[in-house]
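Remarks on the structure that follows.
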Amino acid sequence: MLYSSLKEALRIRAEKGQYITHQSYDELLDPAAAWGARLRLVDFASNDTLSIARDPRVANVYKDAIAKLAVSPLGATGSRGTSGNTPFHQELERRLALFHNSEAAVLFNSGYDANLTLWQTLPQPGDAIVYDEFAHASIIDGLRRSRANSKIKFSHNSLLDLGNILRTLSGDSKFSTGQNNVFIAVEAVHSMNGTMAALRKITTLIKEIFPRENAFLIVDEAHSTGVYGERGTGLCNQLQLENDIPIRVHTFGKAIGCAGGICFNLSHGLPDN
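Heads up: the sequence shown is residues 1 to 273, going by the UniProt record's numbering.
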């Protein structure tokens, strides 16, 4: 019954032109012409907008690193919580933290996983989350799983609405005294319409309303990576706000053209381990 219903659903999709198959461009070309076509094709489909994934210099560095592995395992062999925390993970975190002018960094499987993990674990019971109404689905999925008591959305890119919400929260003694925390979620560049968050004004607003420094702005830089900032390090860098924004989330799946994500943060004396 299950398989027949699935087949029927797929048949209906095909009739509507909505049936999706996974094909490489090699499959659509004559085999003899496929290799040459790789060199001639202009890519308007992928996220590899900077052509990093196709850069022969990157490929050569990768090949050299593999050649030097000797008897070391090619795979991680397990999760980072068990046997999979390799020197490569730690070195990449160190280098990217330095590149992005951050005190610390944590790698994730994807930008989606980074947001999901961050938002469902960082806010604690009694805390509040204030988020842009057009925040990415990964942020929404994460905060839905969060233990924070209050989750409040503000009108897209509206400083007025955000300010009103933050001032209301600051009137609650648990926030005004610093007993609990407020987390604010925005995208540096919005994923769907390309609008930019007024990060400088938002950071100023937060400092004015929460002088006890118990309000934390978390910026998703997925769509500003590779576009803004020195060497493509993002909008926070371009505005020189790295030291004013506690947490930045970047993905490798957009302009960088590969898989993975990373969270940059100001450690403020947290243990190194």
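A virtual CB, placed ideally from N, CA and C, is assigned to each residue, including glycine.
For clarity, every value in this text was computed on a predicted model and none was experimentally measured.
- Shown here, T203 sits in a helix according to DSSP, grouped into three states.
- Within the segment 165-212, the complete beta strand (DSSP E) segments of 3 residues or longer fall at 182-187, listed in chain order.
- The continuous alpha helix (DSSP H) containing R95 extends over residues 87-99.
- For the segment 218-260, the full-length alpha helix (DSSP H) segments reaching 4 residues or more read 235-238 along the chain.
- The continuous beta strand (DSSP E) containing Y131 extends over residues 128-132.
- Close CB contacts of A128 within its chain, under the 8 Å cut and outside five residues either way in sequence, are with A148, N149, S150, K151, I152, L169, F175, N180, N181, V182, F183 (chain order).
- Contact annotation: A255 and I52 have beta-carbon atoms nearer than 9 Å.
- Using a C-beta cut-off of 8 Å, the segment 224-244 makes contact with the segment 197-206, since at least three inter-stretch Cβ pairs fall below that distance.
- Going by beta carbons, F264 and S102 fall inside the 9 Å limit.
- Counting along the chain, K151 sits inside the beta strand (DSSP E) bounded by residues 150-154.
- Shown here, L41 sits in coil according to DSSP, grouped into three states, outside any helix or strand.
- The C-beta separation of A198 from N157 comes to about 7 Å, placing the pair in contact by the 8 Å criterion.
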